[in-house]
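Position one of the sequence shown corresponds to residue 62 (the working numbering), numbered consecutively onward.
Comments concern the structure below.
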Amino acid sequence: MKREDASNMEPLPVQPISRDVLREKYLKPGEADAEALFARVARALASVEAEEQRAAWEARFLANLRAGAIGAGRIMSAAGTELEATLINCFVQPVGDCIQGQDAGGYAGIYEALREAAETMRRGGGVGYDFSRIRPRGAQVRTTASTASGPCSYIDVFDRSCATVESAGARRGAQMGVLRIDHPTCWTSSRPSARRGAGTTSTCRWR
């Protein structure tokens with residue numbers, strides 16, 4: 062089968078939804094179109110180069126953007142602005158099996174992880190968590206002579222925090238939580254069900 066030369070293909074027409082997303086999430090005050098966005102991002106990316114090389118690198122970045130190269134969402138939204146925002150889309154936040162401080166393995170306690178995640182989301186980053194270190198519901202907690210509430214109850218806490226934190230750069234908070242398949246919670250709970258959280262997040266609950 063003969064492969065078609067991409068350089069000879071007609072560009073796809075811009076869809077109305079593409080213009081809406083561009084305007085709502087990426088254009089900043091004073092920017093009217095994608096060309097202005099490309100110029101801002103290219104200038105910001107080139108700014109870390111040696112001064113005598115910046116103009117050349119800015120031209121290269123601008124040419125790449127015009128040719129179809131697109132940076133991650135945080136780069137396109139925040140590069141070259143005064144926002145106190147991250148240029149990295151995704152982060153992984155460890156969650157340990159304790160409330161505060163660090164657990165025996167050196168992982169941040171649940172509420173310390175929550176605090177750090179809230180700061181990451183405030184600056185526009187999305188956060189992923191592995192809740193597998195949290196002991197299952199009903200497990201004994203010797204230090205307080207109580208029983209553990211399990212990871213699901215804390216997943217809800219992280220969900221509510223995400224819905225509350227205002228994210229930089231017109232981005233809704235984004236999170237992902239996982240549990241190892243060998244965690245007891247996966248076997249003692251019913252199948253996951255999707256839920257919309259106050260119009261801002263979708264979560265998966267083990268109920």
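Backbone N, C-alpha and C define an ideal beta-carbon position, used for all residues, glycine too.
Worksheet item: Can you tell me whether DSSP reads Gly11 as helix, strand or coil?
Response: The question about residue 11 has no answer, for the chain in this structure spans 62 to 268.
Worksheet item: Candidates Glu85, Val218 and His244: which alpha carbon is nearest Gln236's?
Response: Nearest option by C-alpha distance: Val218.
Practice prompt. Give the DSSP bridge partners of Gly238, in chain order.
Written response: As a beta-bridge residue in DSSP terms, Gly238 pairs with Tyr190.
Worksheet item: Roughly how many angstroms separate the alpha carbons of Pro74 and Gly91, rounded to a whole number?
Response: About 25 Å.
Discussion item. Using 8 Å as the threshold, is the C-beta distance between Ala130 and Glu119 below it?
Written reply: Contact flag unset, no.
Worksheet entry | Contact under 8 Å by Cβ, Ala100 with Ala140 | No. Outside cutoff.
Worksheet item: If you run the structure through DSSP and keep just helix, strand and coil, what is Thr261?
Response: At Thr261, the pLDDT of 42 sits below 50, so the modelled position is not reliable; the number obtained from the coordinates is stated separately. Coil.
Worksheet item: Quick one: complete beta strand (DSSP E) runs, 3+ long, within the region 145 to 185?
Response: Taking only runs of at least 3 residues, the beta strand (DSSP E) segments lying wholly in the region 145 to 185 are 151 to 155.
Item to complete: Please classify Gln114: is it buried, with 16 or more other beta-carbons within 10 angstroms of its beta-carbon, or exposed?
Response: Looking at its Cβ environment, which holds fewer than 16 other Cβ atoms inside 10 Å, Gln114 is exposed.
Discussion item. Check for me: the alpha helix (DSSP H) holding Ala200 runs from which residue to which?
Written reply: Taken as a continuous stretch (DSSP letters only), Ala200 belongs to no alpha helix (DSSP H), as it is neither H nor E.
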